[in-house]
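Peer 1:
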Amino acid sequence: MPAMTMIQALNSALDVKLGSDPDALIFGEDVGYFGGVFRVTEGLQKKYGARRCFDSPISEGGIVATAIGMGAYGLRPIVEIQFADYILPAYDQLVSEAARLRYRSNGEFWCPITVRSPYGGGIFGGQTHSQSPEAIFAHVTGLKTVIPSNPYDAKGLLLAAIEEDDPVIFLEPKRLYNGPFDGHHDQPLVTWAEHPLGEVPQGHYTVPLGTARVMREGREATVLAYGTMVHVCNAAIAEAGIDAELIDLRSIVPLDIETVIASVRKTGRCVIVHEASRYGGFGGELSALVQERCFYHLRAPIERVAGWDTPYPHAFEWDYFPGPDRVAKALKRCVEAVA
Amino acid sequence: MPAMTMIQALNSALDVKLGSDPDALIFGEDVGYFGGVFRVTEGLQKKYGARRCFDSPISEGGIVATAIGMGAYGLRPIVEIQFADYILPAYDQLVSEAARLRYRSNGEFWCPITVRSPYGGGIFGGQTHSQSPEAIFAHVTGLKTVIPSNPYDAKGLLLAAIEEDDPVIFLEPKRLYNGPFDGHHDQPLVTWAEHPLGEVPQGHYTVPLGTARVMREGREATVLAYGTMVHVCNAAIAEAGIDAELIDLRSIVPLDIETVIASVRKTGRCVIVHEASRYGGFGGELSALVQERCFYHLRAPIERVAGWDTPYPHAFEWDYFPGPDRVAKALKRCVEAVA
Amino acid sequence: MEISRTARGANRPALSLHIPEPATRPGDVPDFSRITVPEAGAMPCPDIATPEAQMRDMPYGLIRVLDEKGRAVGPWDPRLDEDTLRAGLRAMLKTRLFDERMFRAHRQGKTSFYMKSLGEEAIGAAQALMLEAGDMNFPSYRMLSWLMARDYPLIDLCNQIYSNERDPLRGRQLPILYSAREYGFYSLSGNVGSRFGHAVGWAMASAYKGGDAIAVGHVGDGTTAEGDFHEALTFASVYRAPVILCIENNQWAISSFSGIAGAGATTFAAKAIAYGMPGLRVDGNDFLAVCSATLWAAERARANHGPTLIEFFTYRAAGHSTSDDPTRYRPAEEAAQWPLGDPLERLKDHLIALGAWDAARHEALAAELTAEIRAASRQAEAVGTLGQSKPNPREMFEDVFAEPDWRIIEQRREAGV
Amino acid sequence: MEISRTARGANRPALSLHIPEPATRPGDVPDFSRITVPEAGAMPCPDIATPEAQMRDMPYGLIRVLDEKGRAVGPWDPRLDEDTLRAGLRAMLKTRLFDERMFRAHRQGKTSFYMKSLGEEAIGAAQALMLEAGDMNFPSYRMLSWLMARDYPLIDLCNQIYSNERDPLRGRQLPILYSAREYGFYSLSGNVGSRFGHAVGWAMASAYKGGDAIAVGHVGDGTTAEGDFHEALTFASVYRAPVILCIENNQWAISSFSGIAGAGATTFAAKAIAYGMPGLRVDGNDFLAVCSATLWAAERARANHGPTLIEFFTYRAAGHSTSDDPTRYRPAEEAAQWPLGDPLERLKDHLIALGAWDAARHEALAAELTAEIRAASRQAEAVGTLGQSKPNPREMFEDVFAEPDWRIIEQRREAGV
Ligand SMILES: Cc1ncc(C[n+]2csc(CCOP(=O)(O)OP(=O)(O)O)c2C)c(N)n1
Ligand SMILES: Cc1ncc(C[n+]2csc(CCOP(=O)(O)OP(=O)(O)O)c2C)c(N)n1
Ligand SMILES: [Mg+2]
Ligand SMILES: [Mg+2]
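Protein chains in written order, with full-length UniProt numbering: chain A, 1 to 339; chain B, 1 to 339; chain C, 1 to 417; chain D, 1 to 417.
The structure is reproduced here in structure tokens:
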């Protein structure tokens, strides 16, 4: 199996889909001739023609509205929002229309669209190229939200997302595009070629939505994470020297609740980690779910490690970003807490 | 003190403000000559002139954008979004602009705007006149979110919100406009005239944001609620015959964390109730906070009672709405759980 | 040039904020003197291949076909056969009678909500007849006459409005927010404007597939202020989508007159010019003009000439909805004074002038339709009205997704349904 | 009328989807033959009180003042004094030299990001000089020349760009997204378009207070597709806000040519017509034309005649930002072929033609500005560049609200700052 970066893996998924499904098409800002600002759609216009992969006006609401109409017709549009920070002008379309169409029309119309968007921090992108908006999608009934953490999953999840007949928000941790960044920004970047999950089959396969991946088994505590934080947590676990179980949720809607619960019941301790600011973040839901279902197994307070409750501050990238130190500290606190 | 409905109390707050602050002005869809579809701005255009209270185009994004510009100039705009369901087209303006202006400009510009909007269910309004979007605001750093449950608080909180120099989302539980609805939809409506908090001073006063109100003291469990659910919980507590402490949060940002924690430490049990759908709702944050800060005091799993994870379904108003029965059941479960 | 730097600041007036106000308010005598009604037949009808640059005056005229004597005149006469005209009349009358009955049903507590199309029935009826079965309408909530013209079953309408056990939308949607895919009628929702772009996407999909179906989308005058409106027009223009984008300018948006949407500054049809597409301004109370403009735009779309924006100039003769009382913000007598008349009467007069209709046939038709509506409504009432009957609450948990996830399954169990 | 019901469906072509493509791509010879450059001085200059209906041809012309010989001609000549012209030249040159140095600084790792205004320097410089101290600019990120014209301290620019300890925005904002209230320069942000409506609100507030300050707002050609653009224009039109709304049509939006924003169908200035406001189309590389159009619109606004939309026709001569490589999507030689020339050279030639400037003075000015920029940049480097110096991390927790709540206080403590 060839080694691919996450960008190549995503590109491969799109290539497989355009090649096999004439109803699949791609559009978004700069995705056509140029191949996208992160190059995820590179070469697709050349290979499949402008009709299958084209540039759109700078209008996130218009992109999603148009995709919904195409989906209602019977196509399977895959759109790119250049940065997840810029998905907000499309929020009404996603919530009031995409998420509700099947329900309100009693299944007469539905919305098989995939909305890809690079998200998250770690690239010195400042306030508006770094945010993690997953919580505002997870709360919306009718939307699915998927977040891969490695090339293998990225391709399989993207193919699964595209093949879903419901709208999927597909958030790509941009800091992982070129390697499994673990939060040690002062160390040389490891590439995906050196990582087992950088091996990606050429052809079609899917990773079903709603299945978490146990990245690391352990007995002392459960760590729940997704996206870039999976690698940060992995580093933190090693550095803390704690035998923790690390679960990569992969999709937060649908959530693999069974894997989560089984793990916490086993370890009795839980640390939840995300990049998004803490208050009202998806960590709250995870914490509540774990508490509700594992109360009698919990031997320590569930910990949350997250971005601070401030906007994403440019110069303070590494003060804001919940890096391995902060995660390790929380993990230790959690394991050391007396029941 | 005169008895006022919540509508009259809100109107009185606006009247007081327009009368005392020449920089305060009101605009929004149908708020001018007509006085708003719920009549909250009735009479204000007549009293203060069209310049102070006027209709706006149907453009929620435009309303908020314009208000932000006015706020940057130095005015204190109060805008109405006709239904909270229709606030989403303004979401980008609220998150990317209103909430971030002070921070990113290092305090050179700020955003003293108040966005009023009727929210919540119970009026057979169907999917798009019933939703409770507070969670998507609570997660946003830089926004405050306020939800009154009675006329006295409504007026005092609205005046406090308007006087804030930061943007405030002010969600008005429309089911409470005319009386303290407790979820018993099949019983005659009680009016505010019969409720002690229907007594509202004529003049200026404020209820500070970030101060919860203990509606009812109790020892067996803590119930956290806001908006319509305060009255539903009150009824549920009485019906369950449980000596529960009922806390009306009144603002979810800022949150009166001290009152919450003190109560749960005392009772050892906690039920969280909101109308919004459950998954990713604000109840998750509350549950997480309580769990983090009261872990060693908790004698039972924290319960959440909320709307189901479906869109708000018109004909199933009372199947969806988390009424007193569901709350009472959760309360009993919580109190009966063995530590 | 008049301006110069030195003059700056000299004798400058203070700035003042302009708040638009309608000509009249309750208590005033209705005044439509601002509205010029050009003669029927006066507007030229350009070839559908005409470049936009040569049609920039169209948005400022008013396409009218029916003259005061009920004759069809001028180049926009669509020369329809009498059956089509009678089908239009029937759809409009059926809409009006149905609206009346359902409005009463609301007063009687049988439904939570209702909205009438009074005075605007020509638009949906004409378009339903002029467009083809495979085309898709992305309607506003004042498009019932489309469903009537296409013979959507009355019983399904009633069941939906009564939110009863047989509600075709299973109790999930507010009354009148229909969805009827088989009838070329896209799912409505409460949010205004947010489906205008879907019409464009649907039309783009049809073009992508090399099909021949086109889309038609609708918004009200007030709704043109939403960003969605602009985004839809932008995409339609850029990709030359085969779509007809329509504005029903009925002069009001709830209590706000059209000046609050910018009508004091220009026409709504003129918004087309911003996108380099033709903008037609059409007498919306003239069934023939609506037919003709729709056909013209449809043929343009089908010939790959791209989108057309049409403003239908009309009047919302009733209140906004059952929640509204228009006498609070406009003179009660305004509707009667509307200078473009009643679309139903005008089509009827035309048919009579043609010798294809008469008072007796009209009465018979009204009686037949009234009976049909009464029967359907009674049948639906027998199933039940709001609160007396509803679909199985299990329906609340269906169709959130194609397949329910554990949350839905658990909660359905908790709800005991 | 050409259309008839019977003809429908006969010999219909299959629909096809139109995807706009630029005239040339990398490897092609640049081709600007689609652009007609009208003679300078040819456009009439209407009185500021002229009704919009009499100005509907303006958006299709191109206001130009400087002719090929560097002379100012025609009714739009603003007849500026030489000091003003030289101030404009200075601001433009300073912008260009500063851009160059900072672009290099990015290559050297001193900053995370930079964006140039190359080829568009006339716009901000002219407007900063033509508008008054109390007016407020709601800029795009290509408006550095405004700050240069108003003598914003270079050291503050450099500290912001280097995100160092003295960054006036305290490390909270991406480089070049300045905020400079005292200089009439509103807070920038990464989101495009979302401040266009703020300009309108600010202008409405000024009118509400009976003041005399006006606002000017900017978006790029690509950004006109956002709903925010439409909403801002709608509010400006409805309330006749004293605002100048500007589109910098620099032909590109990152890699997308202006056709993706609708330029194939009409001009951007024509979008004004949708709102019944005047739309001017102006040679954005002609300093005098920019001055003149800005003054005209400003005087309209100050006289309570309401808003004006201006399209500045220009060219983005550099890449979009430091993250971009334009040779991947357009011919590398395109900038040199741009038919409207270089704004800086054109103003220089005009001053020389006037006898108010010469090569020696130009060289001296360039040397002086280069030294000034070098000094400021060195001074800022002494404080530190990206990663070497930053404000106190405590700043991360300030100004989220006017007063921090317990979350901020607790988290600041947890962060140990
Ligand atoms: C996004 C959104 N904002 C506000 C509303 C509330 N609302 C419902 S109808 C309406 C007026 C619409 O007026 P117009 O577009 O002229 O259509 P008309 O009712 O006249 O047919 C408003 C403001 C809504 N439904 N959706
Ligand atoms: C809301 C939003 N969507 C997308 C982007 C990404 N983006 C940044 S600049 C840009 C192109 C803007 O083009 P244009 O408006 O023509 O301005 P120019 O850069 O040419 O001056 C895009 C798409 C953004 N910053 N904000
Ligand atoms: Mg209307
Ligand atoms: Mg551009």
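Heads up, the beta-carbon is just placed ideally off N, CA and C, and yes, glycines get one too.
How is the beta strand (DSSP E) around Thr145 (chain A) delimited, first residue to last?
Peer 2: Lys144 to Val146
Peer 1: Using 7 Å as the cut-off, classify the Cβ of Gly220 (chain C) as near or not near the heavy atoms of ligand 1, replying yes or no.
Peer 2: yes
Peer 1: Which residues does DSSP pair with Arg281 (chain D) in a beta bridge?
Peer 2: D:Glu311
Peer 1: So what does DSSP say about Asp55 (chain B), is it helix, strand or coil?
Peer 2: strand
Peer 1: What residue range does the alpha helix (DSSP H) around Tyr103 (chain B) cover?
Peer 2: Its alpha helix (DSSP H) spans residues Leu101 to Arg104.
Peer 1: What residues in its chain sit with their C-beta under 6 Å from that of Met1 (chain D), if we drop five residues either side in the sequence?
Peer 2: Only weak support is given to the placement of Met1 (chain D): the predicted model assigns it a pLDDT of 38, under 50, and the question is left unresolved by the model.
Peer 1: Pick helix, strand or coil for Leu224 (chain B), following the three-state DSSP scheme.
Peer 2: strand
Peer 1: Enumerated in chain order, which unbroken segments of the alpha helix (DSSP H) with a length of 4 residues or greater are wholly contained in the stretch 59–112 of chain B?
Peer 2: 60–73 and 101–104
Peer 1: Measure the alpha-carbon distance for Pro75 (chain C) versus Gly220 (chain C) and round it to whole angstroms.
Peer 2: 27 Å
Peer 1: Taking 7 Å as the line, does the beta carbon of Ser140 (chain C) fall inside it for any heavy atom of ligand 6?
Peer 2: In terms of ligand content, the structure shown lacks ligand 6 and carries ligand 1, ligand 2, ligand 3 and ligand 4 instead.
Peer 1: Beta carbon of Arg52 (chain A), beta carbon of Leu18 (chain A): below 8 Å?
Peer 2: yes
Peer 1: Whole angstroms is fine: what's the gap from Phe83 (chain A)'s alpha carbon to Val383 (chain C)'s?
Peer 2: Cα to Cα, the separation comes out at about 51 Å.
Peer 1: Between which two residues does the alpha helix (DSSP H) holding Phe138 (chain D) run?
Peer 2: Counting along the chain, Phe138 (chain D) falls outside any alpha helix (DSSP H), though it belongs to the beta strand (DSSP E) covering Met136 to Phe138.
Peer 1: Below 8 Å, can you find three or more Cβ-Cβ pairs linking the stretch 50–58 of chain C to the stretch 331–343 of chain D?
Peer 2: Three or more beta-carbon pairs separated by less than 8 Å are not found between the stretch 50–58 of chain C and the stretch 331–343 of chain D, which leaves the two stretches without contact.
Peer 1: Confirm, please, whether the CB-CB distance from Val207 (chain A) to Ala244 (chain A) is below 8 Å.
Peer 2: Not a contact, by the Cβ cut-off of 8 Å.
Peer 1: Tell me which residues of the stretch 62–85 of chain A have at least one Cβ-Cβ distance to chain C shorter than 9 Å, keeping chain order.
Peer 2: Gly62, Ile63, Val64, Ala65, Thr66, Ala67, Ile68, Gly69, Met70, Gly71, Ala72, Tyr73, Gly74, Leu75 and Pro77
Peer 1: State buried or exposed for Asp399 (chain C), treating a residue as buried only when at least 16 other CB atoms are found within 10 Å of its CB.
Peer 2: With 16 or more Cβ atoms within 10 Å of its Cβ, Asp399 (chain C) is classed as buried.
Peer 1: Please list, in chain order, the chain C residues whose beta carbon lies closer than 7 Å to that of Pro242 (chain D).
Peer 2: Residues of chain C with a Cβ closer than 7 Å to the Cβ of Pro242 (chain D) are, in chain order, Leu15.
Peer 1: Taking the runs of the alpha helix (DSSP H) that are 4 residues or longer, which of them lie wholly in the stretch 273–307 of chain A?
Peer 2: 282–294, all fully within the stretch 273–307 of chain A.
Peer 1: Cβ atoms of Lys144 (chain B) and Pro254 (chain B): under 8 Å apart, would you say?
Peer 2: yes
Peer 1: Starting from Arg213 (chain B), follow the beta strand (DSSP E) in both directions and report where the run begins and ends.
Peer 2: Arg213 to Arg216
Peer 1: Output, in chain order, the set of chain A residues within a Cβ distance shorter than 7 Å of Phe235 (chain C).
Peer 2: Pro57, Gly62 and Thr66
Peer 1: Quick check: Gln127 (chain A) and Tyr119 (chain A), are their CB atoms within less than 8 Å of each other?
Peer 2: In this structure, Tyr119 (chain A) does not lie closer than 8 Å to Gln127 (chain A) by Cβ.
Peer 1: Would you please verify whether the beta carbon of Thr141 (chain A) is less than 8 Å from any beta carbon of chain C?
Peer 2: yes
Peer 1: Which partner residues of Ile244 (chain C) appear in the DSSP bridge assignment?
Peer 2: C:Val216 and C:Thr308
Peer 1: Got a sec: does ligand 1 put a non-hydrogen atom nearer than 7 Å to the Cβ of Pro326 (chain C)?
Peer 2: no
Peer 1: Using 8 Å as the limit for Cβ to Cβ distance, is Ala135 (chain B) near chain C?
Peer 2: no
Peer 1: If you check the beta carbons only, do Arg216 (chain B) and Leu246 (chain B) fall under 8 Å apart?
Peer 2: yes
Peer 1: Step through the CB atoms of chain A and report whether any lies within less than 8 Å of the CB of Met204 (chain C).
Peer 2: yes
Peer 1: Would you report the Cα separation of Ala380 (chain C) and Ser20 (chain B), rounded to the nearest angstrom?
Peer 2: Put simply, the backbone Cα of Ala380 (chain C) is about 55 Å away from that of Ser20 (chain B).
Peer 1: Give a yes or no on whether the C-beta atoms belonging to Glu120 (chain C) and Asn250 (chain C) are separated by under 8 Å.
Peer 2: yes
Peer 1: Return yes when at least one heavy atom of ligand 2 lies under 7 Å from the C-beta of Glu90 (chain A), else no.
Peer 2: The sequence shown places Ala at residue 90 (chain A), not Glu. Checking the Cβ of Ala90 (chain A) against ligand 2 gives no.
Peer 1: Can you list, in chain order, the residues of its chain with a C-beta nearer than 7 Å to that of Ser4 (chain D)? Leave out the 5 residues immediately preceding and following it.
Peer 2: With a pLDDT of only 44 at Ser4 (chain D), under 50, the local geometry of the prediction cannot be trusted, and no value is derived from it.
Peer 1: Would DSSP call Ile257 (chain A) helix, strand or coil?
Peer 2: helix
Peer 1: Mind reading off the beta-carbon distance from Ala301 (chain C) to Ile244 (chain C)? Whole number of angstroms is fine, and I expect it under 8 Å.
Peer 2: Ile244 (chain C) and Ala301 (chain C) do touch by the CB rule: their CB atoms are close to 6 Å apart, below 8 Å.
Peer 1: If you drop the 5 nearest sequence neighbours on each side, which residues of the same chain put their C-beta closer than 6 Å to that of Pro173 (chain A)?
Peer 2: Gly120, Gly227 and Thr228
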